[in-house]
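Residue numbers (the numbering used here): 102 to 469.
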Amino acid sequence: MPTTPVPLNTPSAEEKLDQRLKALINSMSDAVITVDDKIKIVTYNAAALNILDVNTIKVGSRLDKVFKPVDANNKPVDITQVVSNVKLPIYSRDYKLRYADDSMINLYTSIAPVRLGYGQEGAKGFVLLLRDITREKSLEEERDEFISVVSHELRTPIAITEGNIGNAEFLVEKTSDLSQIKQALKEAHSQVLFLADMINDLSTLSRAERGTLTVEVEPINVVDLVNELANNYLPECKAKKLQLKVDLDPHLEVLKSSKLYVKEILQNFITNAIKYTTEGSITVSAKSEDKAVRFTVSDTGIGISKGDQERVFDKFFRSEDYRTRQSKGTGLGLYVTMKLTKLIHANISLKSDLNKGSTFTIIIPDLK
Ligand code: ADP
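Quick look at the structure:
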């Protein structure tokens, strides 16, 4: 039977597997570096060059010449020592790498002992896998900070509510003076309302961050909306002896946007204006622009310093100004406002003079 000759240069099954493995390791986005028992580099893949930020690695060079991680406290890690001591696979999420431009990345590092060549006596070594986890780390840190701030913010109103209800219970037994009981219940009620507001802000925030907020465009009668808001906030302004002015452009037409979000944004501006103003007035105005409406909420309040103006839209930011701290707040209102603003393609600007007042302006375009 005739046999087909096998060309001499056809790779064997083993060689094919070897090539495939090499291609695979080279396509990985994680850096793979193997070292011998003297912790000198034997092989590495393409991603190792990226992560270590070098153009080439000399085979045979010591690992600590190219890989110089620092630990969570920014102390240099003796990587040669760490690798030499590995008996079973280990991993760390605490190592960081500092680049020449001073930027840092967080690394997932796994180190495992290997036998580099079958049957070759003493050909032992280690395999290192490095992954850039900077983004995950910063999300983890943000989440931890978020939990710590939220639990702190929740604890105070809950403690005050608990104290006042406890006090009211005590007073019911001990006194016939209803006014003290009323006062305690009033304070407890106001704290519960604050908690409800905060939970609303948190739930909007979480939906905005998960990207599950949808925009439902509808025609908004701007005149009706502004008048409705003014009516809702009039009692609060009266209670603080503030004048509430409305300035409406007679040419205002219907605005096509999300009524829910436009209302929430304006409410945030107005509640802040009332909160941070002790005397004078609040003015809400709406003017017609080309296929958009320009809303402004101005106050004659405490104002915002130049430094703080850059941060008022940050998550949990509240000014250190003692007058800010006299009223309750979570520092989430303007952050949520900014998220909603982006969703409806609007634009916010802020003008403020410390001790004189602030003006928040938002230009909301017609959508669709
Ligand atoms: P808060 O719940 O603290 O009011 P916001 O996110 O609504 O949170 O506002 C963030 C911070 O911006 C406030 O704590 C305050 O320092 C400042 N701020 C916002 N609006 C005003 C305003 N109209 N006048 C003065 N300061 C303001």
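We put the beta carbon where it would ideally sit given N, CA and C, even for glycine.
Since the model is a prediction, treat every value here as computed from it, not as a measurement.
In its own chain, which residues sit with a C-beta less than 7 Å from the C-beta of glutamate 337, not counting the 5 before and 5 after it? Ile375
Mind pulling the beta strand (DSSP E) runs of 3 or more residues that sit fully within the stretch 391–468? 393–400, 448–454 and 458–466
Helix, strand or coil for isoleucine 282 per DSSP? helix
Taking DSSP as the reference, what is the three-state secondary structure of leucine 343? coil
Might you give, ordered along the chain, the residues of its own chain that have their beta carbon closer than 7 Å to the beta carbon of threonine 438, omitting 5 neighbours on each side? Ile366 and Asn369
Which of helix, strand or coil DSSP assigns to phenylalanine 227: strand
Close-in-space but distant-in-sequence residues of the same chain around methionine 102 (CB under 7 Å, 5 per side omitted): Reliability of the predicted coordinates at methionine 102 is poor, the pLDDT of 48 falling under 50, and the value obtained from them is presented with this limitation in mind. Taken in chain order, the list of residues that qualify is empty.
Does DSSP put lysine 238 in a helix, in a strand, or in coil? helix
Can you say whether threonine 431 is buried or exposed, counting buried as having 16 or more other CB atoms within 10 angstroms of its CB? buried
Name the two residues that bound the continuous alpha helix (DSSP H) containing serine 185. 180–185
When you compare only the Cα positions, how much space is there between glutamate 317 and lysine 452? 30 Å
With DSSP as the reference, identify every bridge partner of lysine 49, one or two as the case may be. The requested residue 49 is not part of the displayed model; the chain covers only 102 to 469.
Could you round the C-beta distance between lysine 357 and lysine 469 to whole angstroms and report it? I think they count as a contact, below 8 Å. 6 Å
C-beta contact flag for valine 187 and threonine 135 at 8 Å: no
Who are the Cβ neighbours of methionine 205 in its own chain at under 6 Å, not counting the five residues just before and after it? Lys197 and Arg199
Please report how far the alpha carbon of aspartate 409 lies from the alpha carbon of threonine 462, in whole angstroms. 17 Å
Could you check what DSSP says for lysine 169 in three-state terms: helix, strand or coil? coil
Under the criterion of a Cβ to heavy atom distance below 7 Å, does asparagine 456 qualify as lining the ligand ADP? no
Residue range of the beta strand (DSSP E) that includes lysine 197: 197–199
Using a threshold of 7 Å, is the CB atom of lysine 376 nearer than that to any non-hydrogen atom of the ligand ADP? yes
For asparagine 146, is the classification buried or exposed, using 16 other Cβ atoms within 10 angstroms of its Cβ as the cut-off for buried? buried
What's the gap between the Cα of valine 355 and the Cα of valine 323? 6 Å
In whole angstroms, give me the CA-to-CA distance for aspartate 454 and threonine 378. 13 Å
Serine 450 versus serine 128 - alpha carbon distance: 47 Å
Following the continuous beta strand (DSSP E) through asparagine 369, name the residue where it begins and the one where it ends. First-last for asparagine 369: 360–376, but that is the alpha helix (DSSP H), not the beta strand (DSSP E).
Would you check if there are 3 or more beta carbon pairs closer than 8 Å linking the stretch 285–299 to the stretch 252–263? yes
Quick one: what's got a C-beta closer than 8 Å to lysine 225's C-beta in the same chain, skipping five residues either side? Asp137, Asp138, Pro214, Val215, Arg216 and Leu217
From aspartate 325 to aspartate 131, what distance separates their C-alpha atoms? 58 Å
Could you check whether valine 184 and isoleucine 142 sit closer than 8 Å to each other, using their CB atoms as the reference points? no
Alanine 173: buried (16+ other C-beta within 10 angstroms of its C-beta) or exposed? exposed
Could you check if lysine 117 is buried or exposed, using at least 16 other CB atoms within 10 Å of its CB as the buried criterion? exposed
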